[in-house]
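Protein chains in written order, with our numbering: chain A, 1 to 212; chain B, 1 to 10. Where is the CB? At the ideal position from N, CA and C, for every residue including glycine. A quick note: this is a predicted structure, and the numbers were derived from the prediction, not measured.
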């Protein structure tokens, strides 16, 4: 565990909690893509099946359980408790266009052709694109609440910090995982445009809105 | 045997 990995995990945790609190405090999930949140719940579920088969550390187990619990709580708030505020008309990204190709790729390109390994690979690939429905929704409505942009920024930082973590691990532990690294690069690249808007607009105190 | 990095990462 290096400092970049820990900072990445905490940034990820912050993102998840910011989103939960935003929905809870405002009693509304307006502007949030329920599809992205379902995809993230699917990502955690398929990746953390090793909770049952493989113990790594108390930190690892606790964080996995928190991520899983928060992911399902978010989906519950969006689709059950605050369903009336869910902006389904703007959440029109076709999630099956992500899940099906990613599932096919996980079958073809993996470290080992076993159920758990394929599901782990699927979760890595899916995570890299799971934010697309949310970004699509923002591009469609042309704006995002500031708190939503903080959520996205923390989520993007998590990925960027993981990239630095992998560079660190490559140099100091001679350790790398090509599947995770390639997917992580793709995921980070998807955030670049958003990072630019966040820095030039939100951090200057302006609301994030896109030109019509 | 090459273990996947993701196994100890989140």
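Strand pairing of residue i, partner residues [DSSP]
i: residue 144 of chain A; result: A:208
CB contact check: residue i to chain B, cutoff 7 Å
i: residue 56 of chain A; result: yes
i: residue 193 of chain A; result: no
i: residue 16 of chain A; result: no
i: residue 63 of chain A; result: yes
i: residue 91 of chain A; result: no
i: residue 87 of chain A; result: no
i: residue 9 of chain A; result: yes
i: residue 210 of chain A; result: no
i: residue 199 of chain A; result: no
CB-CB length for residue i against residue j, believed under 8 Å
i: residue 35 of chain A; j: residue 106 of chain A; result: With 8 Å as the limit, residue 35 of chain A and residue 106 of chain A do not qualify as a contact, their Cβ atoms being about 19 Å apart.
i: residue 124 of chain A; j: residue 212 of chain A; result: Not really, about 36 Å apart at Cβ, beyond 8 Å.
i: residue 151 of chain A; j: residue 19 of chain A; result: 5 Å
i: residue 1 of chain A; j: residue 10 of chain B; result: No, residue 1 of chain A and residue 10 of chain B are not in contact; Cβ-Cβ is about 11 Å, not under 8 Å.
i: residue 202 of chain A; j: residue 208 of chain A; result: 5 Å
Closer than 8 Å at the beta carbon, the chain C residues around residue i
i: residue 5 of chain A; result: Structure shown: chain C not included; protein chains present are A and B.
Residue i at chain A interface by Cβ criterion, 7 Å
i: residue 1 of chain B; result: Summary for residue 1 of chain B: the model assigns pLDDT 39, below 50, so the residue's position carries little reliability; its value from the coordinates is reported in the next sentence. Closer than 7 Å: no.
Residue ranges of each alpha helix (DSSP H) run of no fewer than 4 residues wholly in the segment 29-57 of chain A, ordered along the chain? 34-47
Could you name each continuous alpha helix (DSSP H) segment of 4 residues or more that falls completely within the segment 92-118 of chain A, going from the start of the chain to the end? 96-108
Are the segment 154-164 of chain A and the segment 59-79 of chain A touching by the rule of at least three beta carbon pairs closer than 8 Å? no
If contact is defined by three or more beta carbon pairs under 8 Å, each pair taking one atom from either stretch, is the segment 34-50 of chain A in contact with the segment 166-173 of chain A? no
On the three-pair Cβ rule with 8 Å, is the segment 66-73 of chain A touching the segment 86-104 of chain A? no
Check whether the segment 182-196 of chain A touches the segment 126-134 of chain A, counting contact only when three or more Cβ pairs, one atom from each stretch, lie closer than 8 Å. yes
Any 3 or more C-beta pairs closer than 8 Å across the segment 46-60 of chain A and the segment 19-30 of chain A: no
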